[in-house]
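From first to last, the protein sequence lines are chains A and B. Mapping of the first sequence onto the working numbering: residues 1 to 332, in sequence order. Mapping of the second sequence onto the working numbering: residues 1 to 293, in sequence order. A virtual CB, placed ideally from N, CA and C, is assigned to each residue, including glycine. Report on the structure given below.
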Amino acid sequence: MTIHRRLLSGVAPRILWMLMGLLALLIAAPYFIDKYALSVLILILYFAYVGQAWNIMMGFAGELSLGHALYAGLGGYVAAGLFTHYGLGPWAGVFAAAAAAALAGAIVGYLGFRFSLAGVYFALLTIAFGEFTRIAFDHLDWFGGSAGLFLKVDVAPNPFDLRGGPVLFYYVILALAAAAFVLSRLLLESRLGRYWLAIREDAEAAQAVGVPVLRYKLMAVMISAALTSLAGVWNAFYYNNLFPETAFGIGRSIEITLAPIIGGLGTLFGPIVGAVVLTGMGEAFTSLGDTLGIPGIKQIFYGLALLIIVMYRPAGIWPWLSERLGLGERPR
Amino acid sequence: MTSDFLLALAQAITKGLLTGMVYGLMALGLSVIFGVMRVVNFAHGEMMIVGMYLAWAGFEYFQVSPLVSLPLIAVLFFFMGYALQRGLISPFIGRPEHQQFLLLLGVALILVNVCLAVVGPDSHGIQLDSQFDSYEVGPLVLDAVRLHAAIGAIVIAGLLWLFFTRTRIGKSIRAAADNNMGALVVGLNVRRLYAVTFGVGAACVGAAGALMITIIPVTPSLAAEYTLLAFIIVIVGGLGSMTGALAGGLLIGVSEAVAGLLADPSLKSMFSFGLLILVLLLRPQGLLGKRGT
Chain A
1 MTIHRRLLSG VAPRILWMLM GLLALLIAAP YFIDKYALSV LILILYFAYV
51 GQAWNIMMGF AGELSLGHAL YAGLGGYVAA GLFTHYGLGP WAGVFAAAAA
101 AALAGAIVGY LGFRFSLAGV YFALLTIAFG EFTRIAFDHL DWFGGSAGLF
151 LKVDVAPNPF DLRGGPVLFY YVILALAAAA FVLSRLLLES RLGRYWLAIR
201 EDAEAAQAVG VPVLRYKLMA VMISAALTSL AGVWNAFYYN NLFPETAFGI
251 GRSIEITLAP IIGGLGTLFG PIVGAVVLTG MGEAFTSLGD TLGIPGIKQI
301 FYGLALLIIV MYRPAGIWPW LSERLGLGER PR
Chain B
1 MTSDFLLALA QAITKGLLTG MVYGLMALGL SVIFGVMRVV NFAHGEMMIV
51 GMYLAWAGFE YFQVSPLVSL PLIAVLFFFM GYALQRGLIS PFIGRPEHQQ
101 FLLLLGVALI LVNVCLAVVG PDSHGIQLDS QFDSYEVGPL VLDAVRLHAA
151 IGAIVIAGLL WLFFTRTRIG KSIRAAADNN MGALVVGLNV RRLYAVTFGV
201 GAACVGAAGA LMITIIPVTP SLAAEYTLLA FIIVIVGGLG SMTGALAGGL
251 LIGVSEAVAG LLADPSLKSM FSFGLLILVL LLRPQGLLGK RGT
């Protein structure tokens with residue numbers, strides 16, 4: 001099958017038109033929305049993108065990672081380090097970043113799968129590697145240590161070095177999110193994707209019919225890690241600073257997992273829907289918290305919302321929503 | 001090696017053992033809950049700091065020593081845990097891990113931020129009269145508060161052991177953990193046993209919080225740290241094993257204290273996470289866990 005047919009086969013023209021319309025709308029958005037709305041849209045696209053990357057590992061291959069901040073952090077630090085010390089722009093540095101993250105993913109995955117850690121145990125291993133790296137980076141002076149790594153901001157806008165305003169970063173993250181969506185679809189419709197689903201449903205049965213389970217699980221982790229590292233690079237250049245505490249912290253790992261779990265694991269639209277819902281909630285609760293003036297109230301509402309969603313829609317919002325809308329993307 | 005260094009090392013190890021007993025009690029709660037119903041309590045550290053805040057508030061506003069308020073806190077936590085299991089967690093038993101994770105993450109966010117909203121972000125500690133007392137055992141000096149906390153933890157762990165080996169309900173819980181179907185067949189009310197288990201696990205961590213506040217001050221940011229610490233301890237000792245949780249607590253307590261002495265104190269949790277990775281890879285059932293559980 002050609003790539004083109006693999007991408008489009010079985011997709012109703014109606015859905016295709018809707019997607020094209022959405023993309024056109026998003027491309028035009030910076031011309032008619034204000035700065036605040038643009039920053040919210042940027043957040044949504046960022047979470048949709050990292051969610052899509054995480055979903056490849058958990059939603060497709062069925063391996064729960066609670067340490068994805070490791071890959072985002074490594075990506076950000078490698079690209080930012082190369083830029084700060086050698087003036088190497090992120091468009092080149094991103095290759096080093098992705099390679100570093102894929103290598104880290106290969107190590108975590110190999111150790112975990114080789115010693116057949118599953119479920120909670122594997123998840124705890126990923127947390128441990130993330131935290132271990134966080135503390136290590138506190139003591140790596142080349143990367144600024146615990147005092148943080150800061151990117152030069154007093155330079156002329158230069159898209160080749162990813163220096164510029166929010167609109168530049170908006171288009172970059174939009175392109176990433178769209179590409180990750182298409183890539184996920186392609187992967188899912190390929191032999192690789194089918195192997196992942198087989199492994200996720202029953203790894204022993206897959207092994208028995210001749211699927212090289214270890215190799216395909218490793219590919220899932222490495223692809224997911226490399227994609228996640230791109231978000232880390234984007235993040236580092238968007239915010240212009242990196243601290244081990246936030247870049248590798250468990251909080252970063254958790255926020256990466258939320259959009260796909262809330263939206264619907266293993267679905268293509270789940271991470272996007274989850275990102276819209278979570279970011280919308282976050283913004284609404286922030287303004288509510290500012291009005292009430294009580295510290296922590298935002299997070300209390302956020303926690304309550306998570307509870308309600310997981311209690312009433314444990315499989316995620318999108319599978320239920322798409323059924324309601326008659327679009328019918330089921331979790332695979 | 002000078003004798004000064006050896007003495008400092010012995011001192012650090014003793015201090016680590018005493019703190020480690022309290023760590024062990026905290027982890028015991030996590031281990032009991034996981035061992036019986038296979039749910040990882042991602043809100044464990046958050047429950048711990050709630051216990052610390054309650055004991056602090058009791059001392060600050062009512063001049064009640066944490067060692068006196070501890071039984072009250074434990075009972076309160078038992079009922080909170082019982083209700084939490086009945087109301088929220090029960091339908092999630094046997095569900096995929098990521099759903100349990102999300103549920104307890106919601107609980108954790110609410111608990112820690114209620115603390116933040118009520119008490120604020122500043123750190124709060126208590127000054128007991130015995131703050132600066134110490135006992136001398138040969139050349140070693142033991143802080144009185146640390147020793148009292150460790151003794152408290154040992155007593156509570158002993159009571160828990162009696163509960164699980166001597167009482168009918170404790171034995172029923174172990175039976176349900178061993179063989180869920182069998183327990184249902186002989187007519188045990190497994191749903192209620194699960195709720196009691198969560199209550200007992202919560203009581204452990206609440207009691208550990210009341211002991212811990214005598215050693216270090218509490219801030220909301222400690223919560224995530226304690227959750228991770230409890231994970232490390234139970235994995236190192238053996239998830240689901242009671243003696244394993246206590247032994248893991250001692251080991252991590254000592255490793256933290258010795259790392260603080262030999263290397264940069266900020267590296268101490270790197271030692272713990274390194275230990276966790278080694279144990280996960282080489283002996284995933286934990287040092288004292290049984291294979292296949």
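Is residue i helix, strand or coil by DSSP?
| i | result |
| --- | --- |
| Glu136/B | strand |
| His294/B | Because chain B spans 1 through 293 in this model, residue 294/B falls outside it and cannot be assessed. |
| Arg163/A | strand |
| Asn241/A | strand |
| Asp143/B | strand |
| Val40/B | coil |
| Val11/A | coil |
| Pro314/A | coil |
| Thr84/A | helix |
| Ala29/A | helix |
| Thr167/B | coil |
| Pro319/A | helix |
| Ala210/B | helix |
| Leu22/A | helix |
| Thr2/A | coil |
| Ala333/A | The structure shown does not extend to residue 333/A, since chain A spans only 1 to 332, so no value can be given for it. |
| Thr267/A | coil |
| Asn235/A | helix |
| Ser241/B | coil |
Quick check on the DSSP output: the alpha helix (DSSP H) that includes residue i runs from which residue to which?
| i | result |
| --- | --- |
| Asp296/B | No answer is possible for residue 296/B: it lies beyond the span of chain B, which begins at 1 and ends at 293. |
| Asp34/A | No alpha helix (DSSP H) contains Asp34/A, which DSSP labels as neither H nor E. |
| Val185/B | Asn180 to Val185 |
| Gln285/B | Gln285/B -> no alpha helix (DSSP H), and no H or E assigned at all. |
| Met58/A | First-last for Met58/A: undefined, no H or E at that position. |
| Asp264/B | Per DSSP, Asp264/B belongs to no alpha helix (DSSP H) and is neither H nor E. |
| His68/A | Element bounds for His68/A: n/a, residue is neither H nor E. |
| Leu222/B | Leu222 to Gly237 |
| Pro212/A | No alpha helix (DSSP H) holds Pro212/A; DSSP gives it neither H nor E. |
| Arg114/A | Pro90 to Arg114 |
| Ile250/A | Ile250 to Gly263 |
| Ile215/B | Ile215/B -> no alpha helix (DSSP H), and no H or E assigned at all. |
| Thr291/A | Gly270 to Leu292 |
Decide if residue i is buried, meaning its Cβ has at least 16 other Cβ atoms within 10 Å, or exposed.
| i | result |
| --- | --- |
| Gln131/B | exposed |
| Phe62/B | exposed |
| Val114/B | buried |
| Pro157/A | exposed |
| Gly292/B | Note that Gly292/B has pLDDT 48, beneath the 50 cutoff, so the model's placement of it is unreliable and the number below is only indicative. With fewer than 16 Cβ atoms within 10 Å of its Cβ, Gly292/B is classed as exposed. |
| Arg14/A | exposed |
| Asn55/A | buried |
| Trp374/A | Outside the displayed span of chain A (1 to 332) sits residue 374/A, for which this structure offers no information. |
| Lys152/A | exposed |
| Thr2/A | exposed |
| Phe160/A | exposed |
| Arg324/A | exposed |
| Met181/B | exposed |
| Leu282/B | exposed |
| Val94/A | buried |
| Val40/B | buried |
| Ala128/A | buried |
Looking at the C-beta of residue i, does it have a partner C-beta in chain D at a distance below 9 Å?
| i | result |
| --- | --- |
| Val107/B | Of the chains in the structure shown, none is chain D; the protein chains are A and B. |
Original post:
Fully enclosed by the stretch 139–209 of chain A, which alpha helix (DSSP H) runs are 4 residues long or longer?
Top reply: Whole alpha helix (DSSP H) segments, 4+ residues: 166–188, 191–201 and 203–208.
Original post:
Can at least three beta-carbon pairs, one atom from the stretch 226–245 of chain A and one from the stretch 195–204 of chain A, be found at a separation below 8 Å?
Top reply: At 8 Å Cβ cutoff, the stretches do not touch.
Subject >> Start-end ranges of the beta strand (DSSP E) lying completely within the stretch 63–130 of chain B, minimum 3 residues >> reply: Counting only runs of 3 or more residues that sit fully inside the stretch 63–130 of chain B, no beta strand (DSSP E) segment turns up.
**OP:** Could you tell me whether the stretch 207–222 of chain B touches the stretch 142–150 of chain B, using the rule of 3 or more Cβ pairs below 8 Å?
**Re:** Note that the stretch 207–222 of chain B touches the stretch 142–150 of chain B; at least 3 beta-carbon pairs, one per stretch, sit closer than 8 Å.
**OP:** Spell out a yes or no on whether the stretch 104–123 of chain A and the stretch 265–272 of chain A are touching, meaning 3 or more CB-CB pairs, one atom from each, closer than 8 Å.
**Re:** They do not touch, by the three-pair rule.
Original post:
Any chance the stretch 172–190 of chain A sits against the stretch 40–59 of chain A, with 3 or more Cβ pairs inside 8 Å?
Top reply: In short, these stretches touch, since the Cβ pair count reaches three.
Original post:
Counting pairs of Cβ atoms below 8 Å between the stretch 86–97 of chain B and the stretch 240–254 of chain B, do you hit three or more?
Top reply: The stretch 86–97 of chain B, when compared against the stretch 240–254 of chain B, does not touch it at the 8 Å Cβ threshold.
**OP:** Spell out a yes or no on whether the stretch 228–236 of chain B and the stretch 152–171 of chain B are touching, meaning 3 or more CB-CB pairs, one atom from each, closer than 8 Å.
**Re:** The stretch 228–236 of chain B, when compared against the stretch 152–171 of chain B, does not touch it at the 8 Å Cβ threshold.
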